[in-house]
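Going by numbering that gives the first Met the number 0, the final residue of the sequence shown carries number 196, and the count climbs one at a time with no gaps. All C-beta atoms, glycine included, are put in the ideal place defined by N, C-alpha and C. Here the structure is laid out as structure tokens; the discussion comes afterwards.
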Amino acid sequence: MTARCWGRLHPKLERRQGGWADHPGDLPNVEGTLVHLAVEHLPGNRDPKPLWLWHSVPDATAHDVDRLWRIFLRRFDIEHTFRFFKQVLGMTRPHLRHPAQADRWVWLILAAYTQLRLARPLTDDLRRPWEKPLAPDQLTPGRVRRGYPRIRKILDTPTKPPKATRPGPGRPPGRTTSPAPRHPVGKHRHKKDTLRP
């Protein structure tokens, strides 16, 4: 892979962009470093396309450029982690009424994810036919979750079995709760473009 960079370049700003719509006077020159990444070959004989990155430091050093493209590649791991939180662990599934409840739910999801990471040595690699085998210390949280029924047989539970009881009277008729309160999410309204050509 080859990385090339050009310092002290600036993009052409336009007022129709959200951040500069209300800027008084002339638009400023925002200088930075433009980075070009070229890869010789990719796995599977795929055609490598050039990658352009922008760094907000005008005089970036070679160390900064090297760190920048490595950080860019790490973002794929972060995106897959958040997708796992949302789709598998159900981070966005409950309809919570208060921000404190949402905070507690996020901490519970993080604790569950941590438990999946810690349970790696306790499970086997139950892979699907198209998945590559992984070493026990490299199992993904999804594969550990797949082998969790076997882990439950190994671990003991501190709880007692539930007592049999007759069903309760149920909920009383009529509305018993108030509507859920609405909380602002911090989004700003976009103002219409007042400039005329």
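Less than 8 Å between the CB atoms is what I'm expecting for residue i and residue j, so what's the real figure, rounded?
i	j	result
cysteine 4	valine 56	The Cβ separation is near 10 Å, so there is no contact.
aspartate 124	arginine 142	6 Å
threonine 122	isoleucine 150	6 Å
proline 47	valine 38	4 Å
tryptophan 104	proline 93	6 Å
Please determine, among the options, the residue with the shortest C-alpha to C-alpha distance to residue i.
i	options	result
histidine 182	Arg144, Lys159, Gln100, Thr113	Gln100
tryptophan 68	Leu36, Phe75, Thr60, Phe84	Leu36
leucine 88	Ile153, Ile77, Pro166, Ile108	Ile108
alanine 179	Glu130, Arg96, Leu41	Arg96
arginine 208	Val184, Lys152, Arg126, Pro172	The structure shown does not extend to residue 208, since the chain spans only 0 to 196, so no value can be given for it.
phenylalanine 71	Leu50, Thr60, Ala111	Leu50
alanine 2	Val29, Thr60, His22, Ala20	Thr60
alanine 111	Thr80, Trp129, Pro98	Thr80
histidine 198	Pro157, Lys131, Met0, Glu130	This structure leaves residue 198 out entirely; the chain is present only between 0 and 196.
Just to confirm, are residue i and residue j a CB contact at a threshold of 7 Å?
i	j	result
histidine 62	glycine 31	no
valine 34	leucine 8	no
glycine 6	aspartate 76	no
leucine 115	proline 135	no
methionine 90	phenylalanine 84	yes
leucine 138	arginine 119	yes
Less than 6 Å separating the Cβ of residue i from some heavy atom of the ligand GTP?
i	result
leucine 95	Among the components of this structure there are no ligands whatsoever, and the ligand GTP is therefore not found.
So the alpha helix (DSSP H) residue i belongs to, where does it begin and stop?
i	result
arginine 144	140–145
Looking at the unbroken beta strand (DSSP E) that takes in residue i, where does it start and where does it end?
i	result
glycine 6	1–8
In chain order, each beta strand (DSSP E) run of at least 3 residues that lies wholly inside the segment 32–116: Taking 3 residues as the shortest admissible run, the segment 32–116 contains the following complete beta strand (DSSP E) segments, listed from N- to C-terminal end: 50–54.
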